[in-house]
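The structure appears right after this line, and notes come after that.
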Amino acid sequence: MTKLKEILALVRSINADEFHVQITNGGRLDDVYKELLFLSEKMESKKNRTDLIIDHISNCYAGDFFHKLPISDAQDELDVFCMGFNTYIEELKAVMVSKNLLEVINKKLVEEKERSNQLVRVKDEFMSNMSHEIRTPLNGILGFTDLLLKNTSLDSEAKKQLDSIKISGDILLVIINDILDLLKIESGQITLRQEPFNLRGLAQFIYDTFSIQMREKEIDFNVSIDKNVPAVFIGDSIRISQILFNLVSNAFKFNHLKGKVELKIRLDREENGYHFVEISVKDTGIGIPSDKINSIFNPFIQVSNDTSRKYGGTGLGLAVIKKIITIMNGEIHVKSKLGTGSKFTTIIPLLKSTSDPFVFQPVISNNQETILANDDKVKVLVAEDNHINQLLMRTVLKKFNFDCTIVANGKLAIEALKNERFDIILMDLMMPEMNGFEATSVIRNLEDVEKKNIPIIALTAVVTGSDIDACISLGIDKYLSKPFESSELYKMIIELVQSNKT
Ligand code: ADP
Numbered sequence: 048m049t050k051l052k053e054i055l056a057l058v059r060s061i062n063a064d065e066f067h068v069q070i071t072n073g074g075r076l077d078d079v080y081k082e083l084l085f086l087s088e089k090m091e092s093k094k095n096r097t098d099l100i101i102d103h104i105s106n107c108y109a110g111d112f113f114h115k116l117p118i119s120d121a122q123d124e125l126d127v128f129c130m131g132f133n134t135y136i137e138e139l140k141a142v143m144v145s146k147n148l149l150e151v152i153n154k155k156l157v158e159e160k161e162r163s164n165q166l167v168r169v170k171d172e173f174m175s176n177m178s179h180e181i182r183t184p185l186n187g188i189l190g191f192t193d194l195l196l197k198n199t200s201l202d203s204e205a206k207k208q209l210d211s212i213k214i215s216g217d218i219l220l221v222i223i224n225d226i227l228d229l230l231k232i233e234s235g236q237i238t239l240r241q242e243p244f245n246l247r248g249l250a251q252f253i254y255d256t257f258s259i260q261m262r263e264k265e266i267d268f269n270v271s272i273d274k275n276v277p278a279v280f281i282g283d284s285i286r287i288s289q290i291l292f293n294l295v296s297n298a299f300k301f302n303h304l305k306g307k308v309e310l311k312i313r314l315d316r317e318e319n320g321y322h323f324v325e326i327s328v329k330d331t332g333i334g335i336p337s338d339k340i341n342s343i344f345n346p347f348i349q350v351s352n353d354t355s356r357k358y359g360g361t362g363l364g365l366a367v368i369k370k371i372i373t374i375m376n377g378e379i380h381v382k383s384k385l386g387t388g389s390k391f392t393t394i395i396p397l398l399k400s401t402s403d404p405f406v407f408q409p410v411i412s413n414n415q416e417t418i419l420a421n422d423d424k425v426k427v428l429v430a431e432d433n434h435i436n437q438l439l440m441r442t443v444l445k446k447f448n449f450d451c452t453i454v455a456n457g458k459l460a461i462e463a464l465k466n467e468r469f470d471i472i473l474m475d476l477m478m479p480e481m482n483g484f485e486a487t488s489v490i491r492n493l494e495d496v497e498k499k500n501i502p503i504i505a506l507t508a509v510v511t512g513s514d515i516d517a518c519i520s521l522g523i524d525k526y527l528s529k530p531f532e533s534s535e536l537y538k539m540i541i542e543l544v545q546s547n548k549t
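Under this note's numbering, the residues of the sequence shown are numbered 48 to 549, in order.
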């Protein structure tokens, strides 16, 4: 009877199906009892293992991934589950490790980026300073040489010597500009302007620029532009003229006496709204050996070691223009035959402009000193801290017959503007006490509408892209980098003063 009770208790605790199997197999009561006992123990063990698994999973959930679920000898469905779970945990662990690794790498990358940003800032500052330090004295040298060269009482020997100073200074300026350009391009700081410009006007400008060399070297210089080339494009006219200037200047430099130079502009194709303009410069000069032709676009490469002694230059010009052309999504190629000549061809995509570029109406004659009557005197306020440049500005502006007041920093410029009426301000950007950026910002926020809107020209030796952008965003009207041609300054002043008056 007790046995029967035990059996019933066991039956209640186990799966009815398994019990049914035993009964229908016709086993003896003892056998059934043993079987039931075995099943019951098995179930007890399963229950304990299930509890263990639940515990384990809870620990995993709390973050403990380091212990595996135990696998028993039973090799039952719980073991299959445990094996699957252990694999899953292994994979999860691998993902966690990669995630941690990624976090570490990410942190490192953020630190690296910050460090490189800082380096770029330091480089930018260095370029700014270097540019300023070199260009400022050069401005004095070239400016005064220009003024002296206009002095008609000079004897021919003195004039020759002054010409040499001017040529050397100009070359130094080209070298400084090339080095700075290369630095700017390499640090990704070059920004291309997108303004309407007249390509035909640029070609004319290049022709005029080389007219002296044309006569001196008796070079037959020919410029031709296909009729279907639009006059006005949108792009960076300064960079395009830099490209034209470099190619034509090399064609003159590496040419023989009485040689030929041809500048041709034609339309290569129209694609996606862009005109692909082909500019080619062909010369009958010394040519380039075939084994050197691929390296001439690399910085500081000249065809032979005595090139710089014989022809001057640094081997930077082509490297700079190739980089600029690449930034413009253009291309440049060269074909050359030693002793016969070279042909450089560049294709640049340019947007056609629907509007005409602003064309400056010249109000000046060649004799700049006598254009404006005395009662018409333009009143110029100059903010400039360098004494030599102050003297140069005074002399140049006096020659233009302008009235000029010179102050040494931005703070004094604001004071002067508040106390007196001026037509225009020439603002140096790097000055002690208060720089040109700060002073412009204060002026543009003045209450007096006339003073607040006074035209401002930034005259500076600083040439970084960020500085130019800062000038524009502050409301500086024009930007002239030192050293500058006095006639260019004159044009700018007259243009701004006249348009402000009207
Ligand atoms: P640079 O003219 O200042 O030396 P570039 O980068 O403009 O520098 O030119 C690199 C070199 O390529 C020159 O030094 C010269 O050897 C060669 N080269 C460039 N243009 C010509 C040309 N039209 N004819 C012959 N050689 C040229």
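Every residue gets a Cβ at the ideal spot worked out from N, C-alpha and C, and that includes glycine. All values reported here derive from a predicted model rather than from experimental measurement.
Sequence-distant residues of its chain with Cβ nearer than 6 Å to residue i (five each side left out)
i    : result
V544 : V425, D470 and I471
L189 : G216 and P530
F292 : none
L365 : I343 and F344
F347 : G362
P396 : Y321, F323 and N376
K498 : L464
The ligand ADP heavy atom lying under 6 Å from the CB of residue i
i    : result
T361 : yes
S288 : no
S215 : no
V425 : no
F301 : yes
S211 : no
Q260 : no
I343 : yes
L291 : no
N297 : yes
V350 : yes
G306 : no
L365 : yes
Residue i, buried or exposed, once every other Cβ within 10 Å from all chains shown has been counted against 16
i    : result
V434 : A small correction: the amino acid at residue 434 is His; Val does not occupy that position in the sequence shown. Exposed: under 16 other Cβ atoms inside 10 Å.
V406 : Caution applies to V406, whose pLDDT of 40 falls short of 50 and renders its modelled position unreliable; the value that the coordinates give is listed next. Flag for V406 reads exposed.
L227 : buried
T331 : buried
I285 : exposed
D193 : buried
V410 : With a pLDDT of 32 at V410, under the threshold of 50, the modelled position of that residue is not reliable, and the figure given next carries that caveat. Exposed.
H322 : buried
N297 : buried
R168 : exposed
D338 : exposed
I290 : buried
Element boundaries [alpha helix (DSSP H), containing residue i]
i    : result
E91  : L76 to Y108
D228 : S203 to E233
E263 : S258 to E263
V489 : G483 to I490
E480 : Unbroken run through E480: none, as it is neither H nor E.
V496 : V496 to K499
I368 : G364 to I374
Own chain residues within Cβ distance below 7 Å of residue i, not counting five before or after
i    : result
F257 : F268, V295 and F299
L8   : With the chain represented from 48 up to 549, any question about residue 8 goes unanswered, as that position is not in the structure.
E138 : none
S271 : K311
Host beta strand (DSSP E) of residue i (start-end)
i    : result
G332 : G332 -> no beta strand (DSSP E), and no H or E assigned at all.
V279 : V279 to G282
T507 : I503 to T507
Which of helix, strand or coil DSSP assigns to residue i
i    : result
L116 : coil
T549 : coil
L397 : strand
E467 : coil
N293 : helix
P243 : strand
V6   : Examination of residue 6 is not possible in this model, given that the chain is present from 48 through 549 alone.
M474 : strand
D171 : helix
H322 : strand
A121 : coil
G388 : strand
T134 : helix
T238 : coil
H380 : strand
S342 : coil
V425 : coil
K311 : strand
Contact set for residue i: own chain, Cβ-Cβ below 8 Å, skip 5 residues either direction
i    : result
V427 : L444, F449, D450, C451, T452, F469, D470, I471, I472, L473 and I540
D210 : L196
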